[in-house]
Structures are given as C-alpha cells and as structure tokens.
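**Student:** Going from the sequence shown to my numbering is simple: count from 1 and add 23.
Cβ coordinates follow ideal geometry from the N, Cα and C atoms, glycine included.
Starting off with a structure, shown below.
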Amino acid sequence: MVGAIKHIHLEGFTFDREGSNTWRFTKAGSKVTVAVSPEEIAIIKKTDASLYSLDQIIDLLKDEQLDVIFIEGFHSSVANTGLSSEHGCFLAVVAGYVLKFE
Numbered sequence: 024m025v026g027a028i029k030h031i032h033l034e035g036f037t038f039d040r041e042g043s044n045t046w047r048f049t050k051a052g053s054k055v056t057v058a059v060s061p062e063e064i065a066i067i068k069k070t071d072a073s074l075y076s077l078d079q080i081i082d083l084l085k086d087e088q089l090d091v092i093f094i095e096g097f098h099s100s101v102a103n104t105g106l107s108s109e110h111g112c113f114l115a116v117v118a119g120y121v122l123k124f125e
C-alpha cells in the first residue's frame with residue numbers, strides 16, 4: 024500500500040471551496056470537519072501546520088498499514104532534521120534536486 028504527503032507552500036491555501044457546507048462549518052468554528060462521499064473521506068483540520076514536525080505528520084498515517092510513503096515538498100525539513108526510522112514503512116522523498124544526508 025502506498026501513501027503520499029504533499030507540502031503546499033501557498034499562504035492561505037485550502038482544499039475547501041468558499042460557499043460549500045464544509046466551508047460554512049469551518050467559518051462557524053469547526054476545528055475539524057470530515058467530508059464523506061461514496062469514494063472518499065476528507066479530513067479538514069484547521070491548525071497551525073508549523074507546529075507539526077514531518078515525523079508527526081507521517082504519524083497521522085500510522086493506522087493505514089502503508090508499505091511506502093512518498094513525501095514531496097519537505098526538502099529542508101528532511102535535509103536539516105532527518106526522519107525517524109520508527110514509522111514501520113519505507114519513506115521516499117521526492118525532490119527536484121539531490122538531497123545530501125549525513
């Protein structure tokens with residue numbers, strides 16, 4: 024099983040659409056909103072993402088029984104702090120340049 028984590032650098036970016044019911048729930052004060060359709064479940068959590076390390080974000084997927092997680096967009100986090108080896112799956116960092124690990 025494969026998972027992916029994508030870092031989005033755009034300030035103010037949201038997957039939610041203005042005017043949708045989930046958007047209205049958030050505007051009314053919902054900290055976490057779960058949208059369920061026949062083929063997807065989306066969890067929208069309003070939080071300061073800078074408070075989470077990459078390892079903590081990876082841990083959000085711990086119950087998914089993944090063999091590999093592709094990580095895109097966290098280049099400086101990986102290069103500067105590395106990753107824990109205790110996630111129970113292979114972590115693949117996707118980058119447009121070579122990352123050096125020591």
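Under the three-state reduction of DSSP, which class applies to L83: helix, strand or coil?
**Tutor:** Taking the sequence shown and counting its residues from 1, one reaches residue 83 at position 60. Residue state, collapsed to three classes: coil.
**Student:** Could you please give me the residues that DSSP links to K29 through a beta bridge?
**Tutor:** What you label residue 29 is simply residue 6 of the sequence shown in a count that begins at 1. E95.
**Student:** Taking the CB atoms as reference points, tell me whether L84 and V25 lie closer together than 8 Å.
**Tutor:** Numbered from its first residue, the sequence shown carries residue 84 at position 61. Numbered from its first residue, the sequence shown carries residue 25 at position 2. Against a cut-off of 8 Å, the Cβ pair of V25 and L84 comes out as no contact.
**Student:** Between which two residues does the alpha helix (DSSP H) carrying K50 extend?
**Tutor:** The residue given as residue 50 occupies position 27 in the sequence shown. Per DSSP, K50 belongs to the alpha helix (DSSP H) from N44 to K50.
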